[in-house]
Amino acid sequence: MKNLKVSIFFLLFLMVGTSVSFAQDCDSELYSNISLKKLNDGYTFIKSFKIDGKGGQRKDIEYTCVFSKDTKYRIIMQSKDDAATGIVATLFDAKRVELATSFQANKFYEGWIYVCKATGIYYLRFSFKDSNSYCGGAVLGFKR
Amino acid sequence: MKKLNIILLAFSLLLVSSAFTRPKGGNGDDVSNILQSIPSPIEISFLIKEISSQYNGSSLNNPKFVENYTMSHKKALNLGIYSTDLGYANLYEKNQDVINYLDAVRSLANGLNIGQFFDYDAVKKLASSSSNLPELLKQTQQNMDLINKHLKDQNRENMSILILTGSWIEAMYLTTLVYEQTPNVKLKEKIGEQKIAVEQIQKVLDFYKTQPNFEGIVADMKQLSLVYSKITIATSKGKSLLTESNGALVYNSDAVSSVQITDKDISLITSLVKGVRGKMVK
Chain A
82 MKNLKVSIFF
92 LLFLMVGTSV
102 SFAQDCDSEL
112 YSNISLKKLN
122 DGYTFIKSFK
132 IDGKGGQRKD
142 IEYTCVFSKD
152 TKYRIIMQSK
162 DDAATGIVAT
172 LFDAKRVELA
182 TSFQANKFYE
192 GWIYVCKATG
202 IYYLRFSFKD
212 SNSYCGGAVL
222 GFKR
Chain B
27 MKKLNIILLA
37 FSLLLVSSAF
47 TRPKGGNGDD
57 VSNILQSIPS
67 PIEISFLIKE
77 ISSQYNGSSL
87 NNPKFVENYT
97 MSHKKALNLG
107 IYSTDLGYAN
117 LYEKNQDVIN
127 YLDAVRSLAN
137 GLNIGQFFDY
147 DAVKKLASSS
157 SNLPELLKQT
167 QQNMDLINKH
177 LKDQNRENMS
187 ILILTGSWIE
197 AMYLTTLVYE
207 QTPNVKLKEK
217 IGEQKIAVEQ
227 IQKVLDFYKT
237 QPNFEGIVAD
247 MKQLSLVYSK
257 ITIATSKGKS
267 LLTESNGALV
277 YNSDAVSSVQ
287 ITDKDISLIT
297 SLVKGVRGKM
307 VK
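Just so you know, the sequences run in chain order A and B.
Position in the first sequence (from 1) plus 81 gives the number in this note's numbering.
Position in the second sequence (from 1) plus 26 gives the number in this note's numbering.
So this is what it looks like as structure tokens:
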């Protein structure tokens, strides 16, 4: 019984320790900065996004955005794993209909361009898929 | 100087837009999520510049009035207002006005004890180097995140809301002013689309409605909401079509939105915004 208690204690200790370690390990700003360098072709930076899955505790991270009509939006991501490996950016409209995803034909793309013709609220979700690091960053740019 | 102008414009607009993203209230996550959905003033400013070449410097809040704002809530509101004015002056490359508004912003920021986050020398230095603009914008956003965190840590997150409200009202004021001078379908639609922002700001202000000096602002925004409640944004159903261009995924949506807004609605909004803004700068 005593051994069991000690084991549970160590297990809990390790879980807490691991969680803290993962939380500290994800430097989202570093990956947003790398993404920013890839935001080109005349896109103006609007915002950066932290993609920190807290070591796997969070499976996805969602942000609410307002997109305007007659505007192109570009999302670019960088994963700690490599390029955009392990992270999928998905765009939904206000009714939660999927409009765009960065995972196509079993391949992780570094982002997408969305040509918007309808002003409204959209949901931008970053999901982890077979990720090792659960960590990354992204930037959003626009072009009229 | 042109590059400095662009950078300062971006800096001031990010000051405003970043204030929208992180503030937390009693229901921190709710507030943060709502604020995040407010449209970026960067996009609106680009549209104004596209439409009008006329600079309305005399319509902006006089930077000399900065000494009049002694109460914290007035400082926060006018920090938002001056930030928008700074961005506007930059947009039209009015260099002396830019410097005056930069001083006004710095003065109010110092007055709110957040001046340490505004590194103007660094901004000017970066502007004179070959550093690229996007990187500077990114750095500015990170600094603004620190400001919001600082305000939250000090239980002054309500200041973020006031900065946001002031900046939004000034942006609306300038937009309606440009529309009066240069009626334009796109601008009319953009004014109507602000229905989304009005609703979101109203929701956030409601979290703080019992706090000192919020009563009047909440009442004013409710009046504006009432006018906007008659305006509709209709969106047709559509699908996204995927293509690939130079290795990038491109989604073209055929869903189209349209705004139903009358000239009478525009007049009412213009008048209300002018009134609310008048109280703020007084």
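All C-beta atoms, glycine included, are put in the ideal place defined by N, C-alpha and C.
Report the neighbours of T261(B) on chain A: residues whose CB is nearer than 7 Å to its CB, in chain order.
The CB of T261(B) comes closer than 7 Å to the CB of A199 and G201 in chain A, given here in chain order.
For S262(B), is the classification buried or exposed, using 16 other Cβ atoms within 10 angstroms of its Cβ as the cut-off for buried?
exposed
D141(A): which of K161(A), T171(A) and K150(A) sits nearest, CA to CA?
T171(A)
So which of N210(B), S193(B) and G141(B) has the shortest CA-CA distance to L177(B)?
G141(B)
For A181(A), report the span of its alpha helix (DSSP H) as first-last.
Not the alpha helix (DSSP H): A181(A) falls in the beta strand (DSSP E), residues E179 to T182.
Could you give the C-beta distance for A135(B) and P89(B), rounded to a whole number, given that I count them as a contact under 8 Å?
With a Cβ gap of about 14 Å, A135(B) and P89(B) do not count as contacting.
Short of 7 Å Cβ to Cβ, which residues in the region 175-209 of chain A face chain B?
L180, A181, S183, Q185, Y190, W193, I194, Y195, V196, C197, K198, A199, T200, G201 and I202
To the nearest angstrom, how far is it from the Cα of Y95(B) to the Cα of L103(B)?
If you draw a straight line from the Cα of Y95(B) to the Cα of L103(B), it is about 9 Å long.
Can you find a C-beta in chain B that's less than 8 Å from the C-beta of K150(A)?
yes
What residues from chain B crowd round F223(A), counting only those whose CB sits closer than 7 Å?
E69
How many Å lie between T191(B) and S283(B) at the Cα?
26 Å
Mind listing which residues of the region 122-149 of chain A have their C-beta closer than 8 Å to chain B's C-betas, in chain order?
Residues of the region 122-149 of chain A with a C-beta less than 8 Å from any C-beta of chain B: T125, F126, I127, K128, S129, Y144, T145, C146, V147 and S149, listed in chain order.
On the criterion of 16 or more Cβ atoms from any shown chain inside 10 Å, does E219(B) qualify as buried, or is it exposed?
buried
In the DSSP output, what is E143(A) paired with across the bridge?
Paired residues: R206(A).
Please tell me whether E119(B) has its Cβ less than 8 Å away from any Cβ of chain A.
no
Kindly list, in the order they appear in chain A, the residues whose Cβ is closer than 8 Å to that of F72(B).
T125 and R225
Closer than 7 Å, Cβ to Cβ, to anything on chain A: give me those residues from the region 189-203 of chain B, in chain order.
none
Hey, how far is the Cα of A181(A) from the Cα of G192(A)?
10 Å
Could you pull the start and end residues of the alpha helix (DSSP H) that R303(B) belongs to?
D289 to V307
Taking C-alpha atoms, which residue in S149(A), K153(A), R206(A) and S212(A) lies nearest to E179(A)?
R206(A)
Interface residues of chain A around Y277(B) at Cβ under 8 Å?
L172, L180, A181, W193, I194, Y195 and V196
In angstroms with no decimal places, state the Cα-to-Cα distance between S186(B) and A223(B).
16 Å
Provide the residue span of the beta strand (DSSP E) that contains D133(A), from first to last.
T125 to D133
The beta strand (DSSP E) spanning V169(A) covers which residue range?
Per DSSP, the unbroken beta strand (DSSP E) holding V169(A) starts and ends at I168 to F173.
Between which two residues does the alpha helix (DSSP H) holding Q142(B) run?
Unbroken run through Q142(B): none, as it is neither H nor E.
Quick one: Cα of N82(B) to Cα of Q207(B), how far?
10 Å
If you compare alpha carbons, which of I227(B), K216(B), F72(B) and Y234(B) is closest to V285(B)?
K216(B)
For G217(A), which of Q185(A), I157(A), R225(A) and F173(A) has the nearest alpha-carbon?
Of the candidates Q185(A), I157(A), R225(A) and F173(A), the one whose C-alpha sits nearest the C-alpha of G217(A) is I157(A).
Is the shortest distance between the beta-carbon of K300(B) and the beta-carbons of chain A less than 8 Å?
False, the Cβ-Cβ gap to chain A never drops below 8 Å.
Buried or exposed: E241(B), going by 16 or more other Cβ atoms within 10 Å of its Cβ?
exposed
Who are the Cβ neighbours of V276(B) in its own chain at under 6 Å, not counting the five residues just before and after it?
Here V276(B) has T269 as same chain residues with Cβ atoms under 6 Å from its own Cβ, once five neighbours each way along the sequence are excluded.
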